[in-house]
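These notes concern the structure reproduced below.
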Amino acid sequence: MVLDSQSKLLLKIIIPVAIGIAVVVWLFGREFDIDTLKDIRFTPQVALGLSFALLALFGRDFGLAWRFLTLSDKRLSWKSATKVTMLCEFTSAITPTSVGGSALSMIFMGREGIKLGRATAITLTTLMLDEGFFMLFSPLLFLLISPSELFGFTQGAAAHDLQVLFWVVYGIICVIAIGLYVGIFKSPHIIAGLLSKIFSLPFLRRWRKAVDELGDNLTEASSELKSKPKRWWLAPVAATIVSWLSRFAVVNALMLAFIPEADQLTVLGRQFIVWALLTFTPTPGGSGVSEMLFKTYYSDIVYGPIMMLLAIIWRIFTYYVYLFIGFCMIPTFIRLKK
Numbered sequence: 013m014v015l016d017s018q019s020k021l022l023l024k025i026i027i028p029v030a031i032g033i034a035v036v037v038w039l040f041g042r043e044f045d046i047d048t049l050k051d052i053r054f055t056p057q058v059a060l061g062l063s064f065a066l067l068a069l070f071g072r073d074f075g076l077a078w079r080f081l082t083l084s085d086k087r088l089s090w091k092s093a094t095k096v097t098m099l100c101e102f103t104s105a106i107t108p109t110s111v112g113g114s115a116l117s118m119i120f121m122g123r124e125g126i127k128l129g130r131a132t133a134i135t136l137t138t139l140m141l142d143e144g145f146f147m148l149f150s151p152l153l154f155l156l157i158s159p160s161e162l163f164g165f166t167q168g169a170a171a172h173d174l175q176v177l178f179w180v181v182y183g184i185i186c187v188i189a190i191g192l193y194v195g196i197f198k199s200p201h202i203i204a205g206l207l208s209k210i211f212s213l214p215f216l217r218r219w220r221k222a223v224d225e226l227g228d229n230l231t232e233a234s235s236e237l238k239s240k241p242k243r244w245w246l247a248p249v250a251a252t253i254v255s256w257l258s259r260f261a262v263v264n265a266l267m268l269a270f271i272p273e274a275d276q277l278t279v280l281g282r283q284f285i286v287w288a289l290l291t292f293t294p295t296p297g298g299s300g301v302s303e304m305l306f307k308t309y310y311s312d313i314v315y316g317p318i319m320m321l322l323a324i325i326w327r328i329f330t331y332y333v334y335l336f337i338g339f340c341m342i343p344t345f346i347r348l349k350k
């Protein structure tokens, strides 16, 4: 029996959700140890630190939703922008980080009434802003924090290799950011033309008309973005900074709670390195790789059984929570599909 389109969509969603849940169960079962709680006292300072972590979580989602709101010229409401944000974070949690949920945000925005061409332009702009954040702030990071502090947790060749890896990733990020800038603001017709040529292939030709319309809408939306005054861009740029710094600050809050003597600037700087390296990982949401990087980058600050506890709490705030929220939202997403 041939599945209808709704059943196919359901199947496409169930499979990655099942994989995501399996990864969560595997990680918790492998890493969680009740003995790690014996040496922990939940003092007012711990409660304060966890409260700051929750605040950072809210700041991250607020920044992302604010950016969708401003880039859409408020065609998206706060509710719709938040919904798009949560769905993007969910898809990021069940896809390799090299794919990410941002690539699907155009689909989610389309469901909220944004034309596909405009949604595509917004998606590319959010990617440009994210990559631009790393491109511009990395040099500043090394001005504020010495390499010995950023990579001081390891010695010799290992430290050198990590620095080389970071700068290789940084170079790739710069190429992507510049390419997106050119594609959006200088030559959107190149993107439209490339899509048109790709869908001229015999096995893709039936979608050619829709893709040509997408290209026209993309060019129109890009022209509108180019016409915006510099002052208009302050909001999406600020939203990008808020979302990323809030993402980094989760670990700062956890260190405040459990390792108050840790140098907060170094903790923040190392989060910058960790998230840059997580840009290109093959596992869903960076599962496994994230925990390994966390343990590696903070092994000189966090000792003993508390390390794994902090890693788990960090992943709850930055990963598992979005699996749960997205899993709750997916049934409604399917039910409203026409």
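Sequential numbering from 13 applies to the sequence shown in my numbering. All C-beta atoms in this analysis are idealised placements derived from N, C-alpha and C, irrespective of residue type, glycine included.
Item to complete: Assign V380 to buried or exposed, taking buried as 16 or more other Cβ atoms, counted over all protein chains shown, within 10 Å of its Cβ.
Response: Look at the range of the chain in this structure, 13 to 350, and you will see that residue 380 is not part of it.
Worksheet item: Does the distance from the CB of A251 to the CB of R130 come in under 8 Å?
Response: Here residue 251 refers to the residue found at position 239 when the sequence shown is read from its first residue. Here residue 130 refers to the residue found at position 118 when the sequence shown is read from its first residue. No, the pair does not count as a contact, with Cβ atoms beyond the cut-off.
Fill in: For P241, three-class secondary structure by DSSP
Taking the sequence shown and counting its residues from 1, the one referred to as residue 241 is at position 229. Residue state, collapsed to three classes: coil.
Discussion item. For a test of the three-state rule: what should DSSP assign to P294, helix, strand or coil?
Written reply: Position 282 of the sequence shown, counted from the start, is the residue given in the question as residue 294. Reduced to three states, the DSSP call for P294 is coil.
Worksheet entry | C-alpha distance - L268 paired with I185, whole-angstrom precision | Translated into the one-based positions of the sequence shown, residue 268 becomes position 256. Translated into the one-based positions of the sequence shown, residue 185 becomes position 173. If I take the Cα positions, the gap works out to 31 Å.
Worksheet item: Starting from S117 and walking both ways along the alpha helix (DSSP H), at which residues does that stretch end?
Response: Translated into positions along the sequence shown, residue 117 becomes position 105. Per DSSP, S117 belongs to the alpha helix (DSSP H) from 117-123.
Discussion item. Give me the DSSP bridge partner(s) of P108.
Written reply: Numbered from 1 along the sequence shown, position 96 holds the residue referred to as residue 108. Per DSSP, P296.
Item to complete: Could you have a look at D85 and say whether DSSP puts it in helix, strand or coil?
Response: Translated into the one-based positions of the sequence shown, residue 85 becomes position 73. Here D85 sits in coil by DSSP.
Discussion item. Using 8 Å as the threshold, is the C-beta distance between I126 and S84 below it?
Written reply: Within the sequence shown, the letter at position 114 stands for residue 126. Within the sequence shown, the letter at position 72 stands for residue 84. In this structure, S84 lies closer than 8 Å to I126 by Cβ.
Fill in: Identity of the residue in F146, R327, I52 nearest S299 by Cα
For this step, residue 299 is matched to residue 287 along the sequence shown. Among F146, R327, I52, the Cα nearest to that of S299 belongs to R327.
Worksheet entry | Range of the contiguous alpha helix (DSSP H) that encloses G129 | As a position in the sequence shown, residue 129 is number 117, starting the count at 1. Segment 128-156, the alpha helix (DSSP H) holding G129.
Worksheet item: Any contact of the stretch 245-265 with the stretch 60-72, i.e. 3+ C-beta pairs under 8 Å?
Response: yes
Worksheet item: With DSSP run on the structure shown, which of helix, strand or coil describes V314?
Response: As a first step, residue 314 must be located in the sequence shown, where it is residue number 302. V314 falls in the coil class under three-state DSSP.
Discussion item. Let me check understanding here. Comparing Cα to Cα, which of T344, L116, L322, G297 lies closest to Y334?
Written reply: In the sequence shown, residue 334 corresponds to position 322, counting from 1. Here the closest residue by C-alpha is G297.
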